[in-house]
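**Q**
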Amino acid sequence: MDIFRQTFGNNDESFIRIPGAFNEEPSLDGNGGRTEDQNNNTNEPTERRNERSKSVLHFLFQTPVIVLYYLLNFIIRSSRLLKPLLRFNGFYKRKHNRLLDHSSQLNRLLENLENESQAVTSPDTNGNTDDASNSEDASNNQSSGVQFSFGSLYNPENGTLSKSVMQNSYTELLDNCGEQVKFGVIYLHDPLLDNHMDYVNKILCSETFVNMVKKYQVLLWYGDVTTSEGLQVSNALKIRQYPLLGIISLKAEKKIELIARIEGSITNYMPQDLETIFSKSYPRLIQIRQQRQNVEMQRLIRQQQDSRYQDSLRRDQQRETERLQETQREQTARERETLKQQWLLWRKRQLKPEPLSGEDASKVAIRLEDGQRLVRKFNATLPTEEIYAFVELQLHGLLDSEEQALPVEEPAAYQHHYDFKLIIPVPRRDLDLSTTISDVSGIYPSGNVVMERLNE
1 MDIFRQTFGN NDESFIRIPG AFNEEPSLDG NGGRTEDQNN NTNEPTERRN
51 ERSKSVLHFL FQTPVIVLYY LLNFIIRSSR LLKPLLRFNG FYKRKHNRLL
101 DHSSQLNRLL ENLENESQAV TSPDTNGNTD DASNSEDASN NQSSGVQFSF
151 GSLYNPENGT LSKSVMQNSY TELLDNCGEQ VKFGVIYLHD PLLDNHMDYV
201 NKILCSETFV NMVKKYQVLL WYGDVTTSEG LQVSNALKIR QYPLLGIISL
251 KAEKKIELIA RIEGSITNYM PQDLETIFSK SYPRLIQIRQ QRQNVEMQRL
301 IRQQQDSRYQ DSLRRDQQRE TERLQETQRE QTARERETLK QQWLLWRKRQ
351 LKPEPLSGED ASKVAIRLED GQRLVRKFNA TLPTEEIYAF VELQLHGLLD
401 SEEQALPVEE PAAYQHHYDF KLIIPVPRRD LDLSTTISDV SGIYPSGNVV
451 MERLNE
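Going by full-length UniProt numbering, the sequence shown opens with residue 1, and the numbers climb by one from there.
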């Protein structure tokens with residue numbers, strides 16, 4: 001608030017009262033009167049108007065700022081209080097999503113049915129053990145067909161049929177029935193009915209039903225009509241009474257239909273009816289499976305044929321590529337051999353004759369790889385490459401031949417490489433191509449060299 005006072009307060013220092021200060025004495029005019037009283041009387045209306053203007057401006061500017069300040073303060077404090085509520089709301093949403101999950105709903109339904117089934121099929125809790133009641137219970141159990149306990153069949157952990165019960169949604173049941181070409185049994189349970197355990201005890205836990213599930217490899221899907229998904233399935237199948245025991249099957253290649261249903265009272269159920277329905281529709285499923293197997297076999301055969309064709313084509317292309325590469329190498333070799341022959345003829349033309357007596361010369365004895373020994377004089381001012389060229393021409397038999405129309409110019413785009421080297425034996429060192437003969441003490445004025453082939 002001090003900020004607002006400093007901003008919109010009165011800046012006139014004459015109104016600031018310092019504790020302990022004395023009032024100033026009014027000044028006298030020339031006539032001996034007090035000038036302050038006269039000025040006050042004269043300026044009083046103007047000061048009042050100024051004070052009223054300032055009060056109005058203070059109200060117009062100061063009040064919205066104060067209201068905005070307290071409003072922002074209230075919003076900040078409220079946001080701090082909303083954080084726990086937001087965390088609680090997130091926890092509720094996560095819990096609500098888990099409740100909507102069919103896997104959680106199915107586990108809860110199976111647990112409730114297991115508890116209620118045990119309560120229905122358990123002995124009399126009043127302790128009646130007379131023979132009449134026992135015989136009556138035995139006859140009732142035999143007539144109801146209860147051969148197994150619900151937990152031993154459908155318990156998610158160790159139940160006999162637990163692997164047949166779908167843990168996923170109804171849509172995935174339809175997909176699995178279509179992909180695996182199997183029957184699907186849908187049971188919609190209504191816990192609000194008085195006799196809601198009749199289907200569970202007399203059908204789902206009966207030996208006949210269990211044998212049919214194992215025989216025909218039936219996929220089971222159980223739902224509760226009090227849940228959202230169970231109600232949606234009920235509306236999709238247009239169910240009129242509960243509980244419902246429905247059988248779905250693949251009628252065409254990708255069309256699944258509800259081929260049989262038992263709904264309402266248990267009196268509508270006959271064990272042989274389910275066996276008749278399964279046995280009547282099972283050949284159709286076998287036929288669809290065989291068709292799919294034939295299609296898959298044909299696809300595999302075509303895939304293998306295509307694979308073999310691609311392999312054969314790839315081998316042919318590889319052989320053709322190798323043939324073209326070999327042809328290219330042979331052609332390149334022939335062209336290089338032609339250029340080499342041209343270069344040898346040109347180099348023979350460029351070879352200097354043996355120097356005459358009195359000229360600066362070097363007498364070199366050359367031992368070839370076959371043991372042949374050559375002796376020749378070379379001009380000492382020439383590079384040692386002259387000795388290499390002499391040996392190369394000797395190896396190709398061109399020194400003693402008479403060639404006509406020898407090429408004068410060196411072949412273009414060709415660089416000759418000697419495939420041998422000349423070695424001075426003592427001390428052993430290679431004879432460099434660019435060194436002048438007179439600079440090599442091992443051959444000037446005379447010496448011996450040995451020819452050795454290079455390893456390619």
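Virtual Cβ for every residue (Gly too), placed ideally from N, Cα, C.
Computed from a predicted structure; not experimentally measured.
Looking only at DSSP bridge pairs, what is Asp430 linked to?
**A** Ile423
**Q** One question on the structure: do Cys205 and Phe278 come within less than 9 Å of each other, judged by their Cβ atoms?
**A** no
**Q** Counting pairs of beta carbons, one from the stretch 219-231 and one from the stretch 257-268, are three or more of them closer than 8 Å?
**A** no
**Q** Evaluate contact between the stretch 297-305 and the stretch 226-233, counting only Cβ atoms and requiring at least three cross-stretch pairs below 8 Å.
**A** Put simply, the stretch 297-305 does not touch the stretch 226-233. Fewer than three CB pairs are less than 8 Å apart.
**Q** I'd like the span of the alpha helix (DSSP H) that includes Asn201, first residue to last.
**A** No alpha helix (DSSP H) contains Asn201, which DSSP labels as neither H nor E.
**Q** Apart from the five residues just before and just after Ile443, which ones in its own chain have a Cβ nearer than 6 Å to its Cβ?
**A** Once the five neighbours on either side are set aside, the close Cβ partners of Ile443 are Ser362 and Val364.
**Q** Can you tell me the Cα-Cα spacing of Asn448 and Ile437, whole angstroms?
**A** 13 Å
**Q** Counting only the same chain and skipping the five closest in sequence on each side, list residues whose C-beta sits under 8 Å from that of Arg292.
**A** So the list reads Val181, once near-sequence residues are dropped.
**Q** In terms of residues, what are the limits of the alpha helix (DSSP H) holding Gly178?
**A** Tyr170 to Gln180
**Q** Any contact of the stretch 169-186 with the stretch 238-252, i.e. 3+ C-beta pairs under 8 Å?
**A** yes
**Q** On the criterion of 16 or more Cβ atoms from any shown chain inside 10 Å, does Asn195 qualify as buried, or is it exposed?
**A** Asn195 is exposed by the Cβ-count criterion.
**Q** Thinking C-beta only, is Ile424 closer than 9 Å to Met451?
**A** no
**Q** Below 8 Å CB to CB, which residues in the same chain sit around Glu257 once its five sequence neighbours on both sides are set aside?
**A** Ile248, Ser249 and Lys251
**Q** Could you give the uninterrupted runs of the beta strand (DSSP E) lying entirely in the stretch 238-305, keeping only those of 3 residues or more?
**A** 244-250 and 256-263
**Q** Assuming Ser164 contacts Val218 under a Cβ cut-off of 8 Å, what Cβ separation, rounded to an integer in Å, is found between them?
**A** 6 Å
**Q** Which term fits Ala236, buried or exposed, when burial requires 16 or more other beta carbons within 10 angstroms of its beta carbon?
**A** exposed
**Q** Let me confirm a value: Gln105 is counted as buried when at least 16 other C-beta atoms fall within 10 Å, else exposed. Which label applies?
**A** buried
**Q** In this structure, how does DSSP classify Tyr418 when only helix, strand and coil are distinguished?
**A** Tyr418: coil per DSSP, three-state reduction.
**Q** Any idea if residue 465 is buried or exposed, counting beta-carbon neighbours within 10 angstroms, 16 or more meaning buried?
**A** A query on residue 465 cannot be resolved here, the shown segment of the chain reaching from 1 to 456 and no further.
**Q** Between Trp346, Asn379, Ala333 and Leu344, which has its C-alpha nearest Pro355's C-alpha?
**A** Asn379
**Q** Helix, strand or coil: which one does DSSP assign to Phe378?
**A** strand
**Q** Taking the alpha-carbon positions, what's the Gln394 to Thr384 distance?
**A** 16 Å
**Q** Starting from Gly151 and walking both ways along the alpha helix (DSSP H), at which residues does that stretch end?
**A** Its alpha helix (DSSP H) spans residues Phe150 to Tyr154.
**Q** State the CB to CB distance for the pair Leu339 and Tyr388, rounded to an integer number of angstroms; the pair is presumed to be in contact (CB under 8 Å).
**A** In fact, because the Cβ distance is near 18 Å, the residues do not count as touching under 8 Å.
**Q** In its own chain, which residues sit with a C-beta less than 6 Å from the C-beta of Phe390, not counting the 5 before and 5 after it?
**A** Hits under 6 Å: none found.
**Q** Quick check on Leu81: buried or exposed, where buried means 16 or more other Cβ atoms within 10 Å of its Cβ?
**A** Exposed, by the Cβ-count rule.
**Q** What span of residues does the alpha helix (DSSP H) with Glu452 cover, start to end?
**A** It is not in any alpha helix (DSSP H) - Glu452 instead sits in the beta strand (DSSP E) that spans Ser446 to Arg453.
**Q** I'd like the list of long-range same chain contacts for Leu193, defined as Cβ closer than 8 Å, with 5 residues on each side in sequence excluded.
**A** Counting only Cβ-Cβ distances below 8 Å, and skipping sequence neighbours, we find Tyr242 and Pro243.
**Q** My assumption, with CB atoms under 8 Å, is that His396 sits in contact with Leu344. Please give the rounded CB distance.
**A** 6 Å
**Q** Suppose the cutoff is 7 Å on Cβ atoms and the five residues either side in sequence are ignored; what does the same chain contact list for Asn140 look like?
**A** Confidence is the limiting factor: at Asn140 the pLDDT is only 43, short of 50, which leaves the residue's position unreliable and the question unanswerable from this model.
**Q** So who's on the other strand from Tyr222, going by DSSP bridges?
**A** Tyr187
**Q** Alpha carbon to alpha carbon, how far is Arg240 from Val213?
**A** In this structure, the alpha-carbon of Arg240 lies about 26 Å from that of Val213.
**Q** Since Ser169 and Gly159 should fall inside the 8 Å C-beta cutoff, what is the C-beta to C-beta distance between them, to a whole number of angstroms?
**A** The pair is not a contact, with the Cβ atoms about 20 Å apart (cut-off 8 Å).
**Q** When you compare only the Cα positions, how much space is there between Phe22 and Lys54?
**A** With a pLDDT of 45 at Phe22, under the threshold of 50, the predicted position of this residue should be treated as unreliable, and no value is reported.
**Q** Determine, using beta carbons only, whether Asn107 and Pro191 come nearer to each other than 9 Å.
**A** no
**Q** Measure the CB-CB distance between Glu386 and Leu431 and report whether it falls below 9 Å.
**A** no
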